[in-house]
Amino acid sequence: MSNSYTRRAYGCTIIKSINSNFNADFSHQPRTLPDGVVYATDKALKYTVKNYLKNNYSGDKIFYFKTFNDNMNPRTLDETYESLLEKYPETKGKEKDNTLRLTVLGNLLKCLDIRLFGATFAGKTNISIHGPLQITHGINRFPKNDIYSEQIMSPFRNPGEEGKDEKGAATLGSQSKLREGHYVFHFSVNPQNIAEHVKRLNGSGTELSTDDIAKAKEALRRGATYYDSASKAGSENELLLWVELKEKSKAVLPSFIDLVTVGEDGTIDLSGVTTLLNSEHIQDEVETVELYFNPGTKLTGLPQNANTANL
1 MSNSYTRRAY GCTIIKSINS NFNADFSHQP RTLPDGVVYA TDKALKYTVK
51 NYLKNNYSGD KIFYFKTFND NMNPRTLDET YESLLEKYPE TKGKEKDNTL
101 RLTVLGNLLK CLDIRLFGAT FAGKTNISIH GPLQITHGIN RFPKNDIYSE
151 QIMSPFRNPG EEGKDEKGAA TLGSQSKLRE GHYVFHFSVN PQNIAEHVKR
201 LNGSGTELST DDIAKAKEAL RRGATYYDSA SKAGSENELL LWVELKEKSK
251 AVLPSFIDLV TVGEDGTIDL SGVTTLLNSE HIQDEVETVE LYFNPGTKLT
301 GLPQNANTAN L
């Protein structure tokens, strides 16, 4: 029996952020849209997923993650490839470019993060892989977007300019945080995105598997809580909704972001999603609905017949 994952899926994951800065911009402020609504990039969520997988599944290769050489400098793309996978082949003849590309493609798809998210590889050769798991930016669906800043003091003084007297005070800095936010990220899964590449490689362990999806769901449920850095302390996984379609279903679902609302008391309302799933043209296309959340999470409007479990 094949272990390949062949169905399509849609869903959303919610990150709760209390007095935290889940995804800062380059000015160290929480990212905001032009209308002031706080958001986070898909890269922020993907980082927590890859970090979780890297630390909990050592047998799986994670390619797009910063590593360092012997001089403690970040590796280049080609250095990462040769360190994690193998040396580039010495190809000759008319088909050398195709041979190189096929070899690199096969090696890249042996990396779990690339089988999930895809890759734009511009190293010794150029390869583009459209990943099966696509994630949107996360939008804060909490009614308020209260950002505050606070001063912090370093235990060290700034040395100042050479030849001048020593400064008598330590250095002051600042940090900014979001008072409360509930980032809703929409995602979709379509294994057909890499089907052509897998066919070209005759499978060889490069297809998206049910085991890959199980690990992805686990990381989407726990990655943010697991990471817990100084700036992200207070940001944690709150909910994961996974809607799996029936085999060969052609149904296309809209983004769940606007279908999820969060009240001022933190109650998550899934009524919009439930209405969509109960609609005549969708309800017969759905195989399973899985809902993971913390016991203390307040929910309303849950989809009927959803399989529920703790994060």
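Residue numbers for the sequence shown follow the working numbering, so the first one is 1 and each next one is one higher. Glycine residues also receive a C-beta, built at the ideal position from the N, C-alpha and C atoms. None of the values given here were measured: they were computed from a predicted structure.
When secondary structure is reduced to three states using DSSP, Lys16 falls in the strand class. By the Cβ test, the stretch 190-209 is not in contact with the stretch 20-30, since fewer than three Cβ pairs between them sit closer than 8 angstroms. Less than 9 angstroms separates the beta-carbon of Ser271 from that of Thr300. One thing to note: Ala44 has its Cβ no nearer than 9 angstroms to the Cβ of Ser188. Just measuring C-alpha positions, the residue of Pro295, Phe256, Cys111 and Thr308 sitting nearest Ile139 is Phe256.
The beta carbon of Ala306 sits closer than 6 angstroms to the beta carbons of Val289 and Leu291 from its chain, once the five residues preceding and following it are set aside; these are given in chain order. For Thr308, the enclosing beta strand (DSSP E) has its first and last residue at Asn307 to Asn310. In summary, Gly36 is exposed, with fewer than 16 beta-carbon neighbours lying within 10 Å of its beta-carbon over all protein chains present. In this structure, the beta-carbon distance from Lys215 to Leu53 falls below 9 angstroms.
Here Pro303 has Thr274, Leu277 and Val289 as same chain residues with Cβ atoms under 6 angstroms from its own Cβ, once five neighbours each way along the sequence are excluded. Around the beta carbon of Ala119, 16 or more other beta carbons lie within 10 angstroms, which makes this residue buried. With respect to Lys46, Phe117 sits close: the two C-beta atoms are nearer than 9 angstroms. For Pro143, the closest of Leu109, Ala233, Leu178 and Phe156 by C-alpha to C-alpha distance is Leu178. Under the three-state reduction of DSSP, Val38 is assigned to strand. For the 9 angstroms CB-CB criterion, Leu259 and Leu109 do not form a contact. Around the beta carbon of Arg157, fewer than 16 other beta carbons sit within 10 angstroms, so the residue counts as exposed. In the displayed model, Lys61 falls within a strand according to three-state DSSP. For Ser188, the three-state secondary structure derived from DSSP is strand.
Below 8 angstroms, enough C-beta pairs join the stretch 90-106 and the stretch 124-134 to call them touching: three or more.
An exposed status is given to Gly173, since fewer than 16 other beta-carbon atoms sit within 10 Å of its beta-carbon. Counting other Cβ atoms within 10 Å of its Cβ, Asn237 reaches 16 or more and is therefore classed as buried. In the three-state reduction of the DSSP assignment, Ile139 falls in the strand class. About 36 angstroms separates the CB atoms of Glu150 and Gln134; that is not less than 8 angstroms, and the two are not in contact.
One alpha carbon belongs to Val252, the other to His186, and they sit about 13 angstroms apart. In the three-state scheme derived from DSSP, where H, G and I count as helix and E and B as strand, Gln175 is classed as strand.
Rounded to whole angstroms, Lys217 and Glu180 show a C-alpha spacing of 25 angstroms.
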